[in-house]
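In our numbering, the protein residues as written are 2 to 465.
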């Protein structure tokens, strides 16, 4: 199957083995996936920087490398870093498509259902994805697969709104009118709030007004604090939701200034957090961080094992946020079509990313489309990719099942050292991109996501 990977500052499309479904998962043939312009382009930019620059900007990762060096030694550490750099990383975390197969613990979905999926490393830009059940929701009638591909961004925006806890008739400011900001504006209007938007881009300000914002301003053209006071009879807004992306601390300080006493400031976007105490203290403000799609995020028991939180105690989990967002889209209360400004076939994903890197006016929403037809189905479902022809050498042919850090740091390097005795026939990993990258790094003949392929291979002498 085709999958988009980020490697050395560029997006590439590679053929990788398709995933298999696990007990708590859902296998989905993807129709559309959404490029999150801000988040993903930041990853592309970061991957293209020299190692020294990345080390300065991400000291926490340097500490991990130093610890690995201490425990595993120089050779294994160098091999690990080189392998990760050469492999590339999966991209994307929001998609929609049709269910192919469900795990044995999944009873409420069936093949043929239209679904939307979320999760970094799960709902990738790929023709087929395997996503845990709690990160999948049905697409309701009235919502297209094209619209449903925005489900992750919708859930992020919805969780930000829930953290602000807006009440009917309250005035809420939204700072940053990118994709998340435009969705946030519409969700607030659906909740009965009055909305004031701020952004540096006039085009986005105009769109926010068209999508329902009561007032929207280009931040550099007005006195933001005065405008907020004027529109709230001098009190300030009840809540401010920050959906901007900036390393500057100015945005947070500005949010403090325009929010009323005992109001709420919610950070959804990635902004500088060099906070001053006095605005908090004098106004007794509540400062809140919104975590991704909602309760359940980053909890392995919820996301991987499928354990739900009790409805009575956690009303809005990430899955229920996703479902509610799609309901609002289906009812026409959230307009996604106005936000999706570009669409590319997945085979042209590199061109899409290059355009996003160089465009002076970056589009808000960008979709990748995956042609769904029966003629390509078998190619997509293939779990095995041959990298080089097999030539009998008289050596012991080994297949390695599991390509995690220990296998790549210990077992596979040991096999290389003993190459006069052993030949690496195959590498098996649940993740197709990892299976292929590891097989290429250590010279295997083929890679697969299905251990049955190596068990059925009569040329394999030893399975590790």
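Cβ coordinates follow ideal geometry from the N, Cα and C atoms, glycine included. If you're wondering where the values come from, they're calculated on a predicted model, not measured in any experiment.
Could you check the C-alpha separation between residue 366 and residue 34 for me, to the nearest Å? Linking residue 366 to residue 34 through their CA atoms gives a straight-line distance of about 11 Å.
Hey, could you find the ends of the alpha helix (DSSP H) residue 157 is sitting in? In this chain, the alpha helix (DSSP H) harbouring residue 157 covers 152–165.
Can you give me the start and stop residues for the beta strand (DSSP E) that residue 239 sits inside? Segment 238–243, the beta strand (DSSP E) holding residue 239.
Taking the continuous beta strand (DSSP E) assigned at residue 443, which residues delimit it? Here residue 443 belongs to no beta strand (DSSP E); instead the alpha helix (DSSP H) covers 433–443.
So does the segment 348–368 actually touch the segment 24–32, counting three or more Cβ pairs closer than 8 Å? They do not touch, by the three-pair rule.
Just the Cα atoms here: how many angstroms apart are residue 461 and residue 391? Rounded to the nearest whole angstrom, the CA to CA distance from residue 461 to residue 391 is 11 Å.
Go ahead and pull the three-state DSSP assignment for residue 340. Three-state result, residue 340: coil.
In whole angstroms, what separates the C-alpha of residue 385 from that of residue 458? So the two alpha carbons sit approximately 12 Å from each other.
Looking at C-alpha atoms only, which residue of 405, 402, 338 is the closest neighbour of residue 148? Closest option to residue 148, Cα to Cα, is 338.
Given this structure, state the Cα-to-Cα distance separating residue 16 from residue 447, to the nearest angstrom. Computed Cα separation, rounded: 13 Å.
So which of 325, 434, 406 has the shortest CA-CA distance to residue 138? Nearest of 325, 434, 406 to residue 138, Cα basis: 325.
Leaving aside the five residues before and after residue 21 along the sequence, list all residues of the same chain whose C-beta is less than 8 Å from its C-beta, in chain order. Non-local C-beta neighbours of residue 21 in its own chain, meaning closer than 8 Å and more than five positions away in sequence, comprise 28, 131, 384, 431, 450, 451, ordered along the chain.
Taking residue 454 as part of the alpha helix (DSSP H), name the residues at either end of that continuous run. Segment 452–456, the alpha helix (DSSP H) holding residue 454.
Considering only C-alpha positions, which residue in the set 406, 433, 272, 444 is nearest to residue 418? When C-alpha distances from residue 418 are compared across 406, 433, 272, 444, the shortest belongs to 444.
Am I right that residue 319 and residue 351 are in contact with their C-beta atoms under 8 Å? What's the rounded C-beta distance? That pair is no contact at about 31 Å.
DSSP state of residue 218 mapped onto helix, strand, coil: Strand at residue 218.
Collapsed DSSP secondary structure at residue 125 in the structure displayed: It is coil, neither helix nor strand.
Taking the alpha-carbon positions, what's the residue 239 to residue 168 distance? Rounded to the nearest angstrom, the two C-alpha atoms are 9 Å apart.
Could you tell me if residue 424 is buried or exposed, where buried requires 16 or more neighbouring beta carbons within 10 angstroms of its beta carbon? Burial call: buried.
My understanding is that residue 347 touches residue 5, with C-beta atoms under 8 Å, so please give their C-beta distance in whole angstroms. About 7 Å separates the two Cβ atoms, so the contact holds.
Got a sec: is the Cβ-Cβ distance from residue 439 to anything in chain B below 8 Å? Protein chain content of the structure displayed is limited to a single chain, and chain B is not contained in it.
Compare the beta carbon distance of residue 442 and residue 388 with 8 Å and say whether it is the shorter of the two. If you check the CB distance, residue 442 and residue 388 do not come in under 8 Å.
Looking at the strands, I want to know which residues DSSP matches up with residue 118. Its beta-bridge partners are 96, 137.
DSSP state of residue 408 mapped onto helix, strand, coil: DSSP places residue 408 within a helical segment (H, G or I) once states are collapsed to three.
Can the beta-carbon of residue 158 be found closer than 8 Å to that of residue 178? Against a cut-off of 8 Å, the Cβ pair of residue 178 and residue 158 comes out as no contact.
What is the DSSP secondary structure of residue 323, counted as helix, strand or coil? If DSSP states are grouped into helix, strand and coil, residue 323 belongs with the helices.
Per DSSP, what kind of secondary structure is residue 278 in: helix, strand or coil? Judged by DSSP in its simplified three-state form, residue 278 adopts helix.
State the beta-bridge partners of residue 3 as determined by DSSP. In the DSSP assignment, the residues bridged to residue 3 are 16.
Enumerate in chain order the residues of its own chain whose CB-to-CB distance from residue 126 is below 6 Å, with the five nearest sequence positions on each side excluded. Apart from sequence neighbours up to five positions away, the residues of its chain that approach residue 126 with a beta-carbon distance below 6 Å are 5, 34, 92, 93, 369, ordered along the chain.
So what does DSSP say about residue 364, is it helix, strand or coil? Three-state result, residue 364: coil.
If you draw a straight line from the C-alpha of residue 344 to the C-alpha of residue 274, how long is it? One C-alpha to the other measures close to 35 Å.
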